[in-house]
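Step one of this worksheet: look at the structure below.
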Amino acid sequence: MTTVVKFENVGLRYGTGAEVLRDISLRLDAGSLHFLTGPSGAGKTSLLKLLYLAQQPSRGLISIFGHDVVTMKRDMRPGLRQRIGVVFQDFRLLNHLSAFDNVAVPLRVRGVEEGRCVNMLANSSIGWG
Ligand SMILES: Nc1ncnc2c1ncn2[C@@H]1O[C@H](COP(=O)(O)OP(=O)(O)OP(=O)(O)O)[C@@H](O)[C@H]1O
Ligand SMILES: [Mg+2]
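Quick note on numbering: the sequence shown equals residues 43 to 171 in this note's numbering.
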């Protein structure tokens, strides 16, 4: 079984505050499904930010797709982020763009050629009508 995410004794503090996550150790295998629950302030969003590389741990080891997130070269991070799909509650669409152009933003940012971009979205399961 491929391990996609591994945390070992991870701790996170914001600034000089107390640790909001302490001694988190977990392993997520490819194809597995997990739920993260807890009361407000428990640290769910903080843990997810560590997972999608928006936050660095204050201590411990985090490995994503086999790469240590603390020691990996900076220019590796965007490529890894592109392999992680996140659906945010507040999806912040860009008002001046159509629905199609909003969905196309990540492809265009990655430099996908326009014709291919249109094909990919037209063949997706999204109904544009
Ligand atoms: N950017 C930040 N700077 C300082 N403290 C923060 C920051 N973000 C979160 N915290 C603190 O970290 C702790 C965990 O917050 P977090 O937002 O991760 O919890 P949560 O489980 O997602 O809560 P909720 O269910 O309300 O979304 C809280 O005490 C919060 O005040
Ligand atoms: Mg939250």
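Glycine included, every Cβ here is placed at the ideal spot set by N, Cα and C. All values derive from a computational prediction rather than experimental measurement.
Quiz item: For residue 26, is the beta carbon positioned less than 8 Å from some heavy atom of ligand 1?
Solution: A question about residue 26 goes unanswered here, because the residues of the chain that appear run from 43 up to 171.
Exercise. Reducing DSSP to helix, strand and coil, say where residue 102 ends up.
Key: Note: residue 102 maps to strand in three-state DSSP.
Self-check item: the region 67-77 in contact with the region 109-125 per 3-pair CB rule at 8 Å
Solution: Short answer: they don't touch.
Exercise. Would you check if there are 3 or more beta carbon pairs closer than 8 Å linking the region 97-110 to the region 48-58?
Key: Yes, since at least three Cβ pairs between the region 97-110 and the region 48-58 fall closer than 8 Å, the two stretches touch.
Quiz item: The alpha helix (DSSP H) with residue 150 in it runs from where to where?
Solution: Looking at the DSSP string, the run of the alpha helix (DSSP H) that includes residue 150 is 141-151.
Quiz item: Is there at least one non-hydrogen atom of ligand 1 closer than 8 Å to the beta-carbon of residue 81?
Solution: Flag set: Cβ of residue 81 near ligand 1.
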